[in-house]
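Reviewing the structure listed below.
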Amino acid sequence: MNQKCLVELKKIAVAFQHAGQIHRALNTIDLSIYDGEWIGIVGKNGSGKSTLASVLTGICPTSKGFMEYHDASVQMVFQNPEAQIVGETIMEEICFGMENQSIDPMEMRERAETVLQQVGLTEALDQPIASLSGGQKQLLNIASCLALRASVLVFDEATAMLDPLSRQRVMDIAVKLHRQGQTIVWITQWMEELSGVDRVVALEEGNILFNGSRSEFFYDIASGSAKSPCEAMGFTLPYSVQVAKHLLSMGYELNGFPVSAAQLAEAVTMR
Ligand SMILES: Nc1ncnc2c1ncn2[C@@H]1O[C@H](COP(=O)(O)OP(=O)(O)O)[C@@H](O)[C@H]1O
Ligand SMILES: [Mg+2]
Numbered sequence: 018m019n020q021k022c023l024v025e026l027k028k029i030a031v032a033f034q035h036a037g038q039i040h041r042a043l044n045t046i047d048l049s050i051y052d053g054e055w056i057g058i059v060g061k062n063g064s065g066k067s068t069l070a071s072v073l074t075g076i077c078p079t080s081k082g083f084m085e086y087h088d089a090s091v092q093m094v095f096q097n098p099e100a101q102i103v104g105e106t107i108m109e110e111i112c113f114g115m116e117n118q119s120i121d122p123m124e125m126r127e128r129a130e131t132v133l134q135q136v137g138l139t140e141a142l143d144q145p146i147a148s149l150s151g152g153q154k155q156l157l158n159i160a161s162c163l164a165l166r167a168s169v170l171v172f173d174e175a176t177a178m179l180d181p182l183s184r185q186r187v188m189d190i191a192v193k194l195h196r197q198g199q200t201i202v203w204i205t206q207w208m209e210e211l212s213g214v215d216r217v218v219a220l221e222e223g224n225i226l227f228n229g230s231r232s233e234f235f236y237d238i239a240s241g242s243a244k245s246p247c248e249a250m251g252f253t254l255p256y257s258v259q260v261a262k263h264l265l266s267m268g269y270e271l272n273g274f275p276v277s278a279a280q281l282a283e284a285v286t287m288r
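Okay, so the sequence shown: first residue is 18 according to the numbering used here, each after it adds one.
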C-alpha cells in the first residue's frame, strides 16, 4: 500500500431531525482513505455505517467538519441490488452513469465490455436486467461503478441480501479488484467478511471506537482486558479466530493471525 490519501474526513458530524429532535448519526469522525487499501467498516444496525458511506460518496449533507477528495471519485454498491438499477438491459444500465458524464459512445462500449469481463458477467449486453439474479445484479452494479473509474469503491452491506453462493461471488470479485489495486471500503456486519481487509474501522453510535489492523481487531488483548476489540464491541469472533485462539491457548504455534478457514489452515504449521 502506498500512502497517497484519496479521501480525508476531518471532524465530520451528521445530524438528522427526527420528530422535532436532533439526532446525531455521526460524531466527530476523522478518517483518511489511502490509495489501494481495503477498509472494513463494522458496526451494529443504526451505528452510522450507511451515513458514513453516503458522506464518502458526497450525497449526505454534513453539519460539522470538512472533507477533501484528492483527485478521487467515490462510487457505492448498495445493500439492495435493485436500489440503484435504472436501465432495462445490461448495456443500458452500465451506460447510464457514463452518459451522465458525456463519455464518447465508442469509449462507452469499450469500457462496458472491459468492466463486465472484470466482474465475470458473461451475459449478453442486450440481456434484460429482469432476468438476472440478485447476485448478478450486484456484479452489474459493481461494473457500473468501475465504468465510472471509481477510485474508491464502497460496498454498503452489498452481500446482505444474497444467497451464500452469490455472496461468495461478490466477495471474490472484491478480493480480485483489491489485488489489482482498487481501493475498497467494505461495510458489513459479518465478521467473516473481514478476512481480506487491511484495516478495520468499527462504529458505535456514530463514533469510531476502533481504527486499526485486522489482527489487532480480532486478536489484540488490550492491557487489563480479556477481550479483543471485536469482542469488546459485542461481536462474535469468526469461528476460525475462535479455533486459532483455542489452539494458541493450548500452546500451539500459529503463523500469522487467521480469520478465514483457509488462513487458519495455512497458519497451522506442518510437522
Ligand atoms: N435520512 C435519515 N433521517 C433521519 N434519521 C436517519 C436518516 N438516515 C439515518 N438516520 C439515523 O441515523 C442513525 C444511523 O443510521 P445508519 O447510518 O443507517 O446506520 P447503519 O447503516 O449502521 O445501520 C440511525 O439512528 C438512523 O435512524
Ligand atoms: Mg446501513
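For every residue, glycine included, the Cβ atom is placed at its ideal position computed from N, Cα and C.
Since this is a predicted model, take the numbers as computed values, not measurements.
CB contact flag (residue i, residue j, <8 Å)
i      : j      : result
Phe172 : Met208 : no
Thr68  : Leu48  : no
Ile371 : Val218 : Coverage of the chain is limited to positions 18 through 288, which leaves residue 371 absent and any answer about it impossible.
Met178 : Pro98  : yes
Val258 : Ile56  : no
Pro5   : Phe274 : The shown model of the chain, from 18 to 288, leaves out residue 5, and the question about it has no answer.
Leu271 : Val260 : no
Gln280 : Ser232 : no
Leu73  : Val94  : no
Ala175 : Met115 : no
Glu110 : Ser161 : yes
Thr200 : Ile50  : yes
Ile107 : Gln144 : yes
Ala32  : Thr45  : no
Ser183 : Gly137 : no
Met250 : Glu221 : yes
Buried or exposed by the 16-neighbour rule on C-beta atoms within 10 Å, applied to residue i
i      : result
Gly198 : exposed
Val103 : exposed
Ile76  : exposed
Tyr269 : exposed
Thr139 : exposed
Glu210 : buried
Glu54  : buried
Ala147 : exposed
Met16  : With the chain represented from 18 up to 288, any question about residue 16 goes unanswered, as that position is not in the structure.
Lys21  : exposed
Arg166 : exposed
Ile39  : exposed
Gln101 : buried
Ala141 : exposed
Ser71  : buried
Met125 : buried
Gly223 : buried
Lys66  : buried
Arg186 : buried
Unbroken alpha helix (DSSP H) run spanning residue i, endpoints
i      : result
Ile238 : Ile238 -> no alpha helix (DSSP H), and no H or E assigned at all.
Asp189 : Pro181 to Arg196
Cys77  : Taken as a continuous stretch (DSSP letters only), Cys77 belongs to no alpha helix (DSSP H), as it is neither H nor E.
Gln259 : Tyr256 to Ser266
Ala249 : Pro246 to Ala249
Pro98  : Looking at the DSSP string, Pro98 is not in any alpha helix (DSSP H), and its letter there is neither H nor E.
Thr286 : Here Thr286 belongs to no alpha helix (DSSP H), and DSSP marks it neither H nor E.
Gln135 : Pro122 to Val136
Identity of the residues DSSP links to residue i by a beta bridge
i      : result
Asp57  : In the sequence under discussion, the amino acid at residue 57 is Gly, which differs from the Asp named in the question. DSSP output for Gly57 lists Trp203 and Val217 as bridge partner(s).
Glu109 : Paired residues: none, contrary to the question.
Tyr86  : Val24
Pro275 : For Pro275, which the question treats as bridged, DSSP gives no partner whatsoever.
Asp173 : Ile204
Ala32  : Arg41
Range covered by the beta strand (DSSP E) that runs through residue i
i      : result
Ile39  : Gln38 to Tyr51
Ile225 : Asn224 to Ser230
Leu165 : That residue, Leu165, is in no beta strand (DSSP E); it is neither H nor E in DSSP.
Val94  : Val91 to Val94
* Segment contact, 8 Å Cβ cut-off, at least three pairs: the segment 59-66 with the segment 126-138 -> no
* Asked: When the Cβ atoms of the segment 76-87 are set against those of the segment 23-30, are three or more pairs found closer than 8 Å?
  -> yes
* To do: Tell me, please, whether the segment 156-168 touches the segment 180-193 by the rule of three or more beta-carbon pairs shorter than 8 Å.
  => yes
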